Every structure is written in C-alpha cells, then in structure tokens.
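For reference, the structure is listed below as structure tokens.
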Amino acid sequence: MALALGLSDVVQSYSGGIRLDSLFIDEGFGSLDPESLDLAIQTLIDLQQGGRTIGVISHVSELKEQMSLRIDIEPSRVGSSIGLTTN
C-alpha cells in the first residue's frame, strides 16, 4: 500500500498538476498482523475522507467490514454475481 501511495504522489509531482484522485490497491492485507491491519484501514479511511476514491481488492473480512461502500463478488458454480453493500 505504501508503494502505491508513494508512486501516486511521485506521478502527481512530476505530471504538471495532474491529480490522481482514484487508486486501486491489491495488496497482501491478509499477511498483516492485527495492529498493522488497523493502521492500514485507518489510512484508507483518511485518504477517502481527504477526497480520494480508493478501490481495495481483498478477501480479508476485517478490512471489508470497515469499508462503508463495497462491491462484493460472489462466485458460484454457474458464474459470479455482483452485490453493492453500503454501511
């Protein structure tokens, strides 16, 4: 996550005023200890409250429960379905 956020800041600084308001992060949240996961969640919430749209690809239930708006993909034998969840 730090690499994605840092890269976004570097791109913005070298792009002549272009602002990256949307990010998609597909990281190893499942490998984080509970304290690090809480910090990552708070960082994502802070970024969202600061005006950025953050897309997170994750299977970690603790992370999913903290997201106020989610698109959930549910696999099945006949295909996948998409559901929108708002908290």
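All letters in the sequence shown, in the order written, are residues 0 to 86 by numbering that gives the first Met the number 0. For glycine and all other residues, C-beta sits at the position ideal for the given N, C-alpha and C. Bear in mind that the values here come from a model prediction, so they are computed numbers and not experimental data.
| query | result |
| --- | --- |
| Alpha-carbon spacing of Leu-43 relative to Glu-26, whole angstroms | 13 Å |
| Span of the beta strand (DSSP E), counted from its first residue to its last, around Leu-38 | Unbroken run through Leu-38 is the alpha helix (DSSP H), 33-48; no beta strand (DSSP E). |
| Cβ neighbours of Leu-83 in the same chain (closer than 7 Å, five flanking residues each side left out) | Ile-70 |
| Among Ile-40, Val-77 and Asp-8, the one whose alpha carbon lies nearest that of Glu-64 | Ile-40 |
| Nearest-angstrom Cα separation, counted from Arg-18 out to Gly-49 | 13 Å |
| Proximity below 7 Å, CB of Ser-60 to CB of Asn-86 | no |
| DSSP state of Glu-73 mapped onto helix, strand, coil | strand |
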